[in-house]
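A short worksheet on the structure shown next.
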RNA sequence: GCGCCUGUAGCUCAAUUGGAUAGAGCGCUUGGCUACGGACCAGGAGGUUCUGGGUUCAACUCCUAGCAGGCGCACCA
């Protein structure tokens, strides 16, 4: 139940019938009419800008119009306690006690309060992480992993159908180098030769040794005398080990994909050739040359003719190569083929979560999806910005070459899953995060996660003290409560929850949820402390009982916190 | 050179998808625990929202021209 939508509909109905009676003139487009949350300093619950929007077509001042409209609104709605007009022409409504009873009765046992029930059900494919299967995940990956996971949870909360997919780039040069590294480590273990440290293409990380050891132990038939003889088999085994590590890391973060799609499979099934054939037919692929980028060192640049995709047709700044000099496909080519398989699986909307270093890739891949589907905005890409690691007050640079990067496993061991998720989600995905290892650990008390969890734990403690289960439904026959000003302040915050979900869903910006939960918790902690001086604000009475209005009040708050935390994939312990 | 992201209080960040006197945390500062859980709360100081134009009844938000920082730019994925 979104009361802002409810009142927007009500007001528009009122306007329409007033317009029929020629009392007012309506503009052609009613979209800019809003019903919103008023700033807290006003003693009211909802506000609308209608008078200002209608000012022009009616050739009246907003204030004059507001007087007419506010009378009309008041006559037509019995939940209004008071209606007032403010400066530029806002109409502010204060709702009466009947309204709050109606509202609470409506949502008290609604586990999905806040979800957008009016939304049509669609099929989504969310692709995220998709890190190269050449080793465990590091901190940077975790942000994208959490973002993708929470966007998926959010869609599911809104009753959408979601597939979470990981695209495994198990093809190409990086995999070859990776497999070679595993091979050389295996040779090292078998005392055949020392691992070369001077080859920058190889992966020197410690984990490669473990992978090699596992493969040796489990495959006694494998003969490590010649790389070429076993490279094919070893690639499969190495990637498998790598995926095992990655799945372990994802599991550390509380992330589970539904599906792992393999690039090798796509190449093997000739899907690349097929998709290029289709694009050629539609004139999106041609032979041409591209210019070297200016402003950087181009001394190695060799201009040559190659197969290009015409992404400039869709707003990209240059056309993009799909074939390398040696005639093999570029990464982009197989990715286009992969996206073609997504389209063939009949999803309504594709979502990709990318790391900041791949942001420059967005235009070409959305262009490709548009070329293939003929639909704009079929693919939506969200970027998870950099996580800047700070240790002891100094930036900590990670180097994949040296193998000294901080893995997800390190992160979880230090900070924990819930804190990692909450901290990463608490900021907009478009801004870089300073992740100060020592600080997050030391100052765990200042962590916003605990602030929200503490709120839930406090509510739980009340239920525990009166021997009730916080998870049970509330059964109250008559809703005839008269809440105080301080309680209504929190109930108002509760009315914002569906709006928060709506905006979060529309913009795919999960940070709005932790921000909201923090604010709600803050209001609650504040109220809780009032109980020290004002006995009427305490939940449990002297004879160890609780009144129905307080039960309802607590239950609503805990419900919202719980569903918010569920979307974030974070626990709500009843005791801390 | 081009593209994308960012620029808001001393620091880290929000801002109801264009609304009213721009809000939190940290830090600084003054107070509050015989109390349903102090991992908490109440108060104070702190702002030319990077700059210049424009659109609008209304701009942190949109457009435009700049400035600063980050990321990226075929033959890696």
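Residue numbers (my numbering): 44 to 619.
Note that CB positions come from ideal geometry on N, CA and C, so glycine has one too.
Just so it is clear, the structure is predicted and the values come from calculations on it, not from any experiment.
Per the Cβ contact rule, the stretch 514-526 is in contact with the stretch 131-147 (3 or more Cβ pairs under 8 Å). DSSP links residue 111 through a beta bridge to no other residue.
The continuous beta strand (DSSP E) containing residue 90 extends over residues 89-91. Around the beta carbon of residue 490, 16 or more other beta carbons sit within 10 angstroms, so the residue counts as buried.
For residue 129, the beta-bridge partners assigned by DSSP are 133.
Remark: C-beta atoms of residue 89 and residue 147 do not approach each other more closely than 9 Å. Rounded to whole angstroms, the Cβ separation of residue 377 and residue 309 is 6 Å, and the two are in contact under 8 Å. By the C-beta criterion, the stretch 171-188 is judged to be in contact with the stretch 206-220, since at least 3 inter-stretch pairs fall below 8 Å. Taking all protein chains in view, the Cβ of residue 584 is surrounded by fewer than 16 other Cβ atoms within 10 Å, so the residue is classified as exposed.
Under the Cβ criterion (8 Å, minimum of three pairs), the stretch 270-289 does not count as touching the stretch 150-162. Inter-segment contact for the stretch 401-416 and the stretch 350-361 is present: three or more beta-carbon pairs are separated by less than 8 Å. Runs of the beta strand (DSSP E) spanning 3 or more residues and lying entirely within the stretch 276-328 occur at 302-305, in chain order.
For residue 437, the beta-bridge partners assigned by DSSP are 434. Distances from the CA of residue 193 to each of 597, 461, 588 and 103 were compared; the closest alpha carbon is that of 461. As a beta-bridge residue in DSSP terms, residue 207 pairs with 169. The Cβ-Cβ distance between residue 214 and residue 306 falls below 9 Å.
For the alpha helix (DSSP H) assignment, the uninterrupted runs of no fewer than 4 residues enclosed by the stretch 518-596 are, from N- to C-terminal side, 528-538, 540-550 and 555-573.
In the structure shown, the three-state DSSP call for residue 179 is coil.
A distance below 9 Å separates the beta carbons of residue 200 and residue 609.
With the rule of 3 Cβ pairs closer than 8 Å, the stretch 147-157 counts as touching the stretch 588-605. Membership of residue 479 in the beta strand (DSSP E) is indicated by the continuous run 476-479.
In the DSSP annotation of this structure, the continuous segment of the beta strand (DSSP E) that includes residue 352 starts and ends at 349-352. Sorting 403, 437, 415 and 259 by C-alpha distance to the C-alpha of residue 427 places 403 at the top.
Across the set 560, 227 and 167, the C-alpha of 227 shows the shortest separation from the C-alpha of residue 258. With 16 or more neighbouring CB atoms inside 10 Å of its own CB, residue 183 falls in the buried class.
Secondary structure at residue 397: strand, using DSSP grouped into helix, strand and coil. The DSSP-derived three-state label of residue 387 is helix.
The beta carbon of residue 124 sits closer than 7 Å to the beta carbons of 137, 138 and 139 from its chain, once the five residues preceding and following it are set aside; these are given in chain order. When rounded, the separation of the alpha-carbon atoms in residue 170 and residue 155 is 25 Å.
Residue 607 counts as buried, since no fewer than 16 other beta carbons sit within 10 angstroms of its beta carbon.
DSSP places residue 423 inside the beta strand (DSSP E), whose first and last residues are 422-427.
Residue state for residue 363 is assigned as strand, using DSSP reduced to three classes. Here residue 547 is buried: its Cβ has 16 or more other Cβ atoms, across all protein chains shown, within 10 Å.
Residue 612 sits in coil when the DSSP states are folded into three classes, being neither helix nor strand.
With a 10 Å radius around the Cβ and a threshold of 16 neighbouring Cβ atoms, residue 204 comes out exposed. Residue range 140-150 is occupied by the alpha helix (DSSP H) that includes residue 144.
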